[in-house]
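> One structure, as structure tokens, below. Some questions next.
Protein chains: 2
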Amino acid sequence: MITSLQNARVKQVVRLRQRRHRESDGLFLIEGYREIRCAVDARVGLKVLYTCEQFFSHSDTRKLVRWLGENADISIEPVSRDVFAKISVRENSDGLLAVAPSPAWLMNDMHVPPNGLFLISTATEKPGNLGTILRSADAVGVDGVAVCSAGTDVLNPSVVRASLGTVFSVPVVRAEPESVRAWIKRHGIWSIAATPDADRLYTEADMVGPCAILMGSEHAGLDGEWLNSSDERVRLPSVGQADSINVAMAATVMLFEARRQRGSRRTS
Amino acid sequence: MITSLQNARVKQVVRLRQRRHRESDGLFLIEGYREIRCAVDARVGLKVLYTCEQFFSHSDTRKLVRWLGENADISIEPVSRDVFAKISVRENSDGLLAVAPSPAWLMNDMHVPPNGLFLISTATEKPGNLGTILRSADAVGVDGVAVCSAGTDVLNPSVVRASLGTVFSVPVVRAEPESVRAWIKRHGIWSIAATPDADRLYTEADMVGPCAILMGSEHAGLDGEWLNSSDERVRLPSVGQADSINVAMAATVMLFEARRQRGSRRTS
């Protein structure tokens, strides 16, 4: 059992909270029973699983740890309460924290089915908002989400958490804006920019064919390059305060509108 | 200037974080330039405004304080940095915190226009979710929101904050479930329960006539009494994880669907 707060592995885990260390080490953190289950279901390989029994709160935690020990190429490391408190990112942890190699989610690997529905998060800043966008994308069954590097890192532990693990169940890529725009053009995907300055309402956009919904940042919205490259600009109706709807709620509304237009074919 | 952390008024402000003290004192807290502006615009009377210049961050703060001093029946109390840090509820405060008498928001005072659209928050637990529901209600221009006492208090400082002040711009009432149900029946309002167990999709509900959307708690959803009393039960489509959509997202989607069905008559 690791009990020293000075242990080199403990220090490495703490480093992975920062994007630059995740990028240089090619590793990221997944904390929590539910999130780790989602990652395992999505075949994300785990390298190390840190466990602390005192924090176990989910009834199936021991079963999952045992299963991983028997079936996965993983190192399982029990740690003391103090060490776990140090490496844990969230409040009310449930005693599981995994280190996993960053998936090579590449734009050109994204599968494009006929009439595919995509969401492009060009610059979402808040982890909670990006997590919510991923949850909505999961609920409506999008074919993929592209997260541009200008925004928060989709492998940020708070995004993994806020997404409730849907970051692993939705096809996600991390990409530069240029490669996303080239990909959209190459596949003949209709791009719909969500921007409060548009004349048309989002309900007037045709989201039945292959399309990508473009969402900007919380404060500045979509930048000029995204707006100029888009095929159509739409807005949500608002009779209230100018900015009462945030980017995550706007994305949620647009994704469910796309699902409504497409009918209940694929919905449960 | 109040500089003592032991000052009786300072202690009273801290007490008001708790619902039972808000209820016994008939007072609540409004923190932040934006939220206080919304309250003033909505003619919520303020009793005391605590100010701390060192935290002022909005360019119009001094103008607002001066205006209140000249035009409102309010006591303006500058406090020291330490005192403000003690009474402040939020992170990154902007140096303004007001105490206001709790509005007498009563069910029977709610104006019911023809084809009114209402949202009933029967038991929302998390302040952030209730705040988001109020923001969406503001955006689509609902005619009223009823917040039942089973959930979090709508005058909780975190709700006021998360609503970005829309708690003051949307017609809100606080009520017991029985009086909300009686009011719905009396006004011939069609009540639509959002519940994952429904057969029908929310898009099949007719939300053009007078209607109320019923939302339950984060964990248990709507209770049996609400489900049995409702005219119709609907669900959101989901192909993803069972609970990937939370109550605030579901309310937002349903409110925008109502707005879509009603056309853009009232939208800007």
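Going line by line, the protein sequences match chains U and G. With positions in the first sequence counted from 1, the corresponding number in the working numbering is that position plus 210. With positions in the second sequence counted from 1, the corresponding number in the working numbering is that position plus 210. We put the beta carbon where it would ideally sit given N, CA and C, even for glycine.
Since U:Arg300 and U:Glu241 are thought to touch, with beta carbons under 8 Å apart, how far apart are those beta carbons, to the nearest angstrom?
Confirmed, Cβ separation roughly 6 Å.
> Just the C-alpha distance for G:Lys273 and G:Asp283, rounded to the nearest angstrom, thanks.
Cα-Cα distance, rounded: 16 Å.
> Assign U:Arg443 to one of three DSSP states: helix, strand, or coil.
In the structure shown, U:Arg443 sits in a strand (DSSP, three-state: E or B).
> Going by DSSP, what residue range makes up the beta strand (DSSP E) through G:Gly255?
That residue, G:Gly255, is in no beta strand (DSSP E); it is neither H nor E in DSSP.
> Would you list the one or two residues that DSSP bridges to U:Phe328?
Partner(s): U:Gly354 and U:Ala422.
> Please classify G:Trp277 as buried or exposed, where buried requires at least 16 other C-beta atoms within 10 Å of its C-beta.
The residue is exposed, with fewer than 16 neighbouring Cβ atoms inside 10 Å.
> Where G:Leu167 and U:Phe378 are concerned, what is the direct C-alpha to C-alpha distance, given to the nearest angstrom?
No answer is possible for residue 167 of chain G: it lies beyond the span of chain G, which begins at 211 and ends at 478.
> Classify U:Ala458 as helix, strand or coil using the three-state DSSP reduction.
In this structure, U:Ala458 counts as helix in the three-state DSSP scheme.
> What first and last residue would you give for the beta strand (DSSP E) that runs through G:Ala385?
Counting along the chain, the beta strand (DSSP E) containing G:Ala385 begins and ends at Val382 to Ala385.
> Compute the Euclidean distance between the alpha carbons of G:Glu263 and G:Gly305, then round it to the nearest angstrom.
In a straight line, the C-alpha of G:Glu263 is about 6 Å away from that of G:Gly305.
> Quick one: list the residues of chain G neighbouring U:Met417, beta-carbon separation under 8 Å, in chain order.
Within 8 Å Cβ-Cβ: nothing; U:Met417 doesn't reach chain G, min ~13 Å.
> Measuring CB to CB, does G:Ile423 end up less than 9 Å from G:Leu465?
Yes; because the gap between Cβ atoms is below 9 Å, this pair is in contact.
> Could you pull the DSSP bridge partners for G:Tyr260 from this structure?
G:Glu287 and G:Leu307.
> Among U:Lys257, U:Thr261 and U:Ala310, whose alpha-carbon lies nearest the alpha-carbon of U:Asp292?
Ranking the options by Cα distance to U:Asp292, first place goes to U:Thr261.
> Taking its Cβ as the centre, do 16 or more other Cβ atoms sit within 10 Å of U:Glu245, making it buried, or is it exposed?
Burial call: buried.
> Starting from G:Ser427, trace the alpha helix (DSSP H) in both directions and tell me its first and last residue.
That residue, G:Ser427, is in no alpha helix (DSSP H); it is neither H nor E in DSSP.
> Can you pull the chain U residues whose beta carbon is under 9 Å from the beta carbon of G:Phe378, in chain order?
Near G:Phe378 there are no residues of chain U at all, since even the closest Cβ is about 10 Å away, more than 9 Å.
> In chain order, what residues of the same chain have a beta carbon less than 8 Å from the beta carbon of U:Glu428, not counting five sequence neighbours either side?
Counting only Cβ-Cβ distances below 8 Å, and skipping sequence neighbours, we find Thr334, Glu335, Lys336, Asn339, Asn456 and Val457.
> Mind pulling the chain G residues with CB within less than 8 Å of U:Ile394?
Within 8 Å Cβ-Cβ: nothing; U:Ile394 doesn't reach chain G, min ~23 Å.
> Please confirm whether U:Gly426 has its beta-carbon closer than 9 Å to some beta-carbon of chain G.
Not closer than 9 Å to any Cβ of chain G, the Cβ of U:Gly426 fails to qualify, so no.
> In this structure, how does DSSP classify G:Trp507 when only helix, strand and coil are distinguished?
There is simply no residue 507 of chain G to check, as chain G begins at 211 and stops at 478 in what is shown.
> Assess contact between the region 343 to 358 of chain G and the region 215 to 228 of chain G, defined as three or more Cβ pairs (one per stretch) separated by less than 8 Å. Is contact present?
These segments do not touch.
> Please confirm if the region 441 to 449 of chain U is in contact with the region 410 to 418 of chain U, defined as three or more CB-CB distances below 8 Å between the two stretches.
As far as the Cβ criterion goes, the region 441 to 449 of chain U touches the region 410 to 418 of chain U, which means the pair count is three or higher.
> With a threshold of 6 Å on Cβ separation, who are the neighbours of G:Pro406 within its own chain once the five nearest residues in sequence on each side are excluded?
Cβ neighbours of G:Pro406 beyond the five flanking positions: Arg445.
> U:Pro311 and U:Leu237: beta carbons closer than 9 Å?
A contact, by the Cβ cut-off of 9 Å.
> Among the residues of its own chain, which have a CB less than 6 Å from the CB of G:Gly341, if the five just before and after it don't count?
So the list reads Val369, Ala372 and Ser373, once near-sequence residues are dropped.
> Using a Cβ-Cβ distance cut-off of 9 Å, determine whether U:Pro447 contacts chain G.
True, the Cβ-Cβ gap to chain G drops below 9 Å.
> What residues in the region 340 to 351 of chain U bring their beta carbon closer than 9 Å to a beta carbon of chain G?
Listed by position, the residues of the region 340 to 351 of chain U near chain G (Cβ gap below 9 Å) are Thr342, Leu344, Arg345, Ser346, Ala347, Asp348, Ala349, Val350 and Gly351.
> Within 9 Å (strictly less), CB to CB, does U:Val463 reach chain G?
Cβ-Cβ to chain G under 9 Å: yes for U:Val463.
> Do U:Ala385 and U:Val352 come within 9 Å of each other at the CB atom, strictly closer than that value?
The answer is no: Cβ separation not under 9 Å.
> Beta strand (DSSP E) containing G:Ser401: first to last residue?
From DSSP, the beta strand (DSSP E) with G:Ser401 extends over Trp400 to Ala404.
> Taking G:Ile240 as part of the beta strand (DSSP E), name the residues at either end of that continuous run.
That run of the beta strand (DSSP E) goes Leu237 to Glu241.
> What residues from chain U crowd round G:Thr413, counting only those whose CB sits closer than 8 Å?
Result: Arg470.
> Would you say U:Leu374 faces chain G, with C-beta separation under 9 Å as the test?
Yes, U:Leu374 counts as interfacial toward chain G.
> Roughly how many angstroms separate the alpha carbons of G:Thr376 and G:His268, rounded to a whole number?
Answer to the nearest angstrom: the Cα atoms are 19 Å apart.
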